[in-house]
Amino acid sequence: MKKSLEFIAVTEACGLIDLGFSGQKFTWSNNRGLHSRVWNRLDRSMVNDSWLENMPQTTIIHLPSVGSDHCPLLMENKDTNEDPVKYFKFLNCWADHPNFLETAQACWEMEIEGHSMWKFHQKLKILAGTLSAWSKREFGDTFMQSREYEDKVKIAEEALIQNNIEGNRTALHELNAEYIRFLKLEESILK
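Numbering (our numbering), first residue to last: 92 to 282.
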C-alpha cells in the first residue's frame, strides 16, 4: 500500500493524468496454471496538461498479450487532416502464392506498341495494377483481418480470465497463432 501512495504522490506532484484505455482491463498476467493465475493493470500511459493541449486526440489501446506476460500499449494520435499517398509495393508473400507467376507472366507477355522503354514502363504499370487487384482478391485486407484476429484474441483472453479452463487456453493458443500469421503479413507490407 505504501508503494501505491508514493506512486500517487509522484503523479500528482508531476501533474500527470492517466489517459485511460480501451481494450481489456488487465495489462499483465503471471501466465501460471489454472488455479494460480493473477491478472493486474500494471502498465499505464500518463501525460501532463501540456500534452493534452497539444495532442487532444491521443488514445491508448491495450493490445493482446501474444507471447508475453504484458499487453503492449498502443498510443494513437488521430489526425483527421491527412490524406496518405498510396504507392505500389511488391510483397514477398506474393511469390509464395501458387497463382502469382501465372498472373505476373500474363501481364508481362502482353503486346505493347512503342519504344522499348515505353513498353517496359507500360508493362510495369499494368503489372502493378494487376498485382494490386490480385492481392486484394487472394489476400484480402490484411490489416482488417489482423484487427479481426486481434479482437478474437481479446475475447479469448477475456474468456480465459473469466473461466480459466483448458478449452479456453487451447482456443487462445490457436487464435494467437493465426493472429501472429496476420501480423507477419502486416509486417511484410510495412517493411
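We put the beta carbon where it would ideally sit given N, CA and C, even for glycine.
Owing to the predicted nature of the structure, the values given are computational and were not obtained by experimental measurement.
Would you say residue 190 lies against chain B (beta-carbon separation less than 8 Å)? No chain B is part of this structure, which consists of one protein chain only.
Status (buried if at least 16 other CB within 10 Å, exposed otherwise) for residue 267: buried
Straight-line Cα distance separating residue 192 from residue 163: 38 Å
Check each candidate in 196, 237 and 122 and name the one with the smallest Cα separation from residue 217. Checking every option, the nearest Cα to that of residue 217 belongs to 196.
Inter-residue CB distance, residue 132 and residue 120 (contact presumed, cutoff 8 Å): Contact flag wrong, Cβ pair sits at about 11 Å.
What do you get for residue 141, buried or exposed, if any count of 16 or more other CB atoms within 10 angstroms of its CB means buried? exposed
Closest by CA to residue 117, which one among 246, 144, 282 and 277? 246
Please classify residue 187: does DSSP put it in a helix, a strand, or coil? Here residue 187 sits in coil by DSSP.
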